[in-house]
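Chain order of the listed sequences is B and L. Heads up, the first sequence is in our numbering, so the first residue is 1 and it goes up one at a time. Heads up, the second sequence is in our numbering, so the first residue is 156 and it goes up one at a time. Here the structure is laid out as structure tokens; the discussion comes afterwards.
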Amino acid sequence: MLQIEKICKKFAGNSVLRNISLDIEPGTITCVIGPSGAGKTTLLRTIGMLEFPESGRVSIDDEKYAFPLKSIAGREPWPKITMVFQQLFIWPHLTIKQNILLPIGKNISPEKYRQFEKLVKTFRMNSFLDRYPNQVSLGQKQRAAIVRALMLSPK
Amino acid sequence: MSVIEIIIKYHEGLLGGLLVTLKLCAIIWTFGIVAGISLGYLGFRHKLWIGNILSSFSFLLSGVPVLVLLFWLHYPLQEILQINIDPFITAAAALSIINILAVSDIVRDALVEFPNEYIIAGQVCGLKKRQIYLQIQFPIILRKIIPSLLTTQVSMLQLTLFASLISVEEIFKVAQRINASVYRPIEIYSALAIFFLLICLPLNGLAIWLKHNYTRNLSEK
Chain B
1 MLQIEKICKK FAGNSVLRNI SLDIEPGTIT CVIGPSGAGK TTLLRTIGML EFPESGRVSI
61 DDEKYAFPLK SIAGREPWPK ITMVFQQLFI WPHLTIKQNI LLPIGKNISP EKYRQFEKLV
121 KTFRMNSFLD RYPNQVSLGQ KQRAAIVRAL MLSPK
Chain L
156 MSVIEIIIKY HEGLLGGLLV TLKLCAIIWT FGIVAGISLG YLGFRHKLWI GNILSSFSFL
216 LSGVPVLVLL FWLHYPLQEI LQINIDPFIT AAAALSIINI LAVSDIVRDA LVEFPNEYII
276 AGQVCGLKKR QIYLQIQFPI ILRKIIPSLL TTQVSMLQLT LFASLISVEE IFKVAQRINA
336 SVYRPIEIYS ALAIFFLLIC LPLNGLAIWL KHNYTRNLSE K
């Protein structure tokens with residue numbers, strides 16, 4: 001369960017998020033829609049703990065973060081919460097396969113590898129798994145970024 | 156007298172000169188790479204102090220020709236300080252300073268330009284700081300700086316020729332002395348050119364190859 005309560009965030013004195021509250025149940029899909037500059041990315045970065053709001057609370061399951069907060073060292077919510085960025089940020093020195101498997105670590109369990117194979121099949125990625133990011137199309141990179149995130153089994 | 160005959164006849168002198176050149180290079184390369192990388196990193200971490208001092212030195216040095224720096228360290232500075240330093244040490248120091256600043260600039264620029272989002276992508280994937288550094292940041296930066304480092308080191312090798320002008324008995328100075336006694340400039344300087352080509356071209360070729368094969372596109376930022 002993800003809960004956001006009365007989140008406020010300012011950039012250079014301009015209020016971007018004002019008392020935003022939101023509940024997201026596990027296994028649901030939630031869309032945040034709004035015009036450019038409305039603060040969608042800021043909200044997502046706040047939920048992902050990449051930016052800290054000035055005030056408010058964020059709860060991810062049992063972990064609660066009350067702002068203002070200087071650091072979340074030792075209480076990082078990742079990869080329980082993970083992100084697929086607009087610009088993807090697929091690591092350029094690794095192949096698509098290495099990009100997906102790097103966060104899993106060297107000792108991949110058979111179960112995890114089966115998950116990887118299933119996702120590769122679902123996203124039709126077999127033909128470009130061993131290519132580098134600069135050798136694949138944007139759509140292929142997008143699929144790689146989604147699979148990289150899904151492999152972490154976020155909540 | 157052909158090139159081969161000259162090389163055979165004066166092989167001891169040429170070998171001695173070659174050894175001095177290689178010794179000079181080894182010092183310049185070692186200091187440049189070790190101190191340059193360390194200073195570049197420190198300059199990035201402590202931009203206000205070390206970074207700005209390094210930038211100022213680089214800027215200052217960019218306005219001074221290598222030859223002028225070498226002569227200034229060899230003649231006026233030693234005159235002012237009333238000391239007499241071996242020309243080899245003076246040349247090694249002058250060229251090391253140039254190399255250190257060049258390498259630190261390369262490293263600092265690579266660190267500054269490194270897209271922070273690659274680190275964030277690692278964070279949200281649950282990677283630890285050490286993993287991000289060793290498996291993402293370090294390999295990307297290394298791939299980015301190696302071609303420039305190689306070409307800089309090749310330039311430094313070529314700059315060692317200037318050491319002959321303050322009487323360092325390196326290969327160019329030896330070649331000049333041989334030429335003064337046998338007067339075969341075409342053969343002697345052609346042999347010298349071949350020697351430098353044999354060392355510099357493979358290194359430059361390697362730099363280009365590495366750039367094409369290992370420096371990945373970072374334009375995603």
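A virtual CB, placed ideally from N, CA and C, is assigned to each residue, including glycine.
Bridge partner(s) assigned by DSSP for Ser59(B):
Indexing the first sequence from 1 puts residue 59(B) at position 59. According to DSSP, which records beta bridges pairwise, Ser59(B) is partnered with Gln3(B) and Lys64(B).
Taking CB distances under 7 Å as the criterion, tell me whether Gln278(L) reaches chain B.
As a working note, residue 278(L) is residue 123 in the second sequence. Cβ-Cβ to chain B under 7 Å: yes for Gln278(L).
Helix, strand or coil for Lys80(B)? Go by DSSP, reduced to three states.
Against the first sequence, residue 80(B) aligns to sequence position 80. In the structure shown, Lys80(B) sits in coil (DSSP, three-state: anything other than H, G, I, E or B).
Beta-carbon proximity of Asn99(B) to Ile108(B), cut-off 7 Å:
Counting from 1 along the first sequence, the entry for residue 99(B) is found at position 99. Counting from 1 along the first sequence, the entry for residue 108(B) is found at position 108. In this structure, Ile108(B) does not lie closer than 7 Å to Asn99(B) by Cβ.
Output needed in chain order: residues of the region 28 to 57 of chain B with a Cβ under 8 Å from some Cβ in chain L.
Within the region 28 to 57 of chain B, the qualifying residues are Gly48 and Leu50.
What three-state label does DSSP hand Ile349(L) in the structure shown?
Taking the second sequence and counting its residues from 1, one reaches residue 349(L) at position 194. Reduced to three states, the DSSP call for Ile349(L) is helix.
With Ser303(L) as the anchor, note down where its alpha helix (DSSP H) starts and where it stops.
Walking along the second sequence from the start, residue 303(L) turns up at place 148. In this chain, the alpha helix (DSSP H) harbouring Ser303(L) covers Phe293 to Leu314.
Hey, Cys355(L) and Val309(L): beta-carbon distance below 7 Å or not?
As a working note, residue 355(L) is residue 200 in the second sequence. As a working note, residue 309(L) is residue 154 in the second sequence. Between Cys355(L) and Val309(L), the gap from beta carbon to beta carbon is short of 7 Å.
Just list the residues that DSSP pairs Cys8(B) with in beta bridges.
On the first sequence, residue 8(B) is found 8 positions in, with the first residue counted as 1. Paired residue(s): Ser55(B).
Could you tell me which residues DSSP puts in a beta bridge with Asp23(B)?
Mapped onto the first sequence, residue 23(B) falls at position 23. Beta-bridge pairing links Asp23(B) to Gln3(B).
Are the region 267 to 281 of chain L and the region 337 to 354 of chain L touching, with three or more C-beta to C-beta distances below 8 Å?
no
Residues of chain B with a CB under 7 Å from the CB of Gln290(L): which are they?
Along the second sequence, read from residue 1 onward, the residue named residue 290(L) stands at position 135. Ordered by position in chain B, the residues that pass the 7 Å Cβ test against Gln290(L) are Leu102.
Arg18(B) - DSSP class collapsed to helix/strand/coil:
Position 18 of the first sequence, counting from 1, holds the residue named residue 18(B). Arg18(B) falls in the strand class under three-state DSSP.
Helix, strand or coil at His93(B) according to DSSP, with G and I counted as helix:
On the first sequence, residue 93(B) is found 93 positions in, with the first residue counted as 1. Reduced to three states, the DSSP call for His93(B) is coil.
Do Leu88(B) and Ala145(B) have their beta-carbon atoms positioned less than 7 Å apart in this structure?
Position 145 of the first sequence, counted from the first residue, corresponds to residue 145(B). Position 88 of the first sequence, counted from the first residue, corresponds to residue 88(B). Yes, the Cβ-Cβ distance between Ala145(B) and Leu88(B) is below 7 Å.
Under 8 Å by beta carbon: chain B residues contacting Ile295(L):
Counting from 1 along the second sequence, the entry for residue 295(L) is found at position 140. Trp91, Pro92 and His93, listed in chain order.
Can you give, in chain order, each stretch of the beta strand (DSSP E) that sits fully within the region 244 to 295 of chain L and has at least 3 residues?
none
Same chain, Cβ closer than 7 Å to Val158(L), five either side skipped, listed in chain order:
Counted from its first residue, the second sequence places residue 158(L) at position 3. Closer than 7 Å at Cβ, skipping near neighbours: Glu342, Ser345 and Ala346.
Just checking my contact of Ile47(B) with Leu2(B) at CB under 8 Å: how many whole Å lie between their CB atoms?
The sequence position of residue 47(B) within the first sequence is 47, counting from 1. The sequence position of residue 2(B) within the first sequence is 2, counting from 1. Yes, they are in contact, since the Cβ atoms of Ile47(B) and Leu2(B) sit about 7 Å apart, within 8 Å.
The alpha helix (DSSP H) that contains Ala335(L), what's its start and end?
Stepping through the second sequence from its first residue, residue 335(L) is reached at position 180. From DSSP, the alpha helix (DSSP H) with Ala335(L) extends over Ile326 to Val337.
Listed by chain order, chain B residues near Gly171(L) by CB distance under 8 Å
Here residue 171(L) is taken as the residue at index 16 of the second sequence, counted from 1. Going along chain B, no residue has its Cβ under 8 Å from Gly171(L), so there is no contact; the nearest lies around 44 Å.
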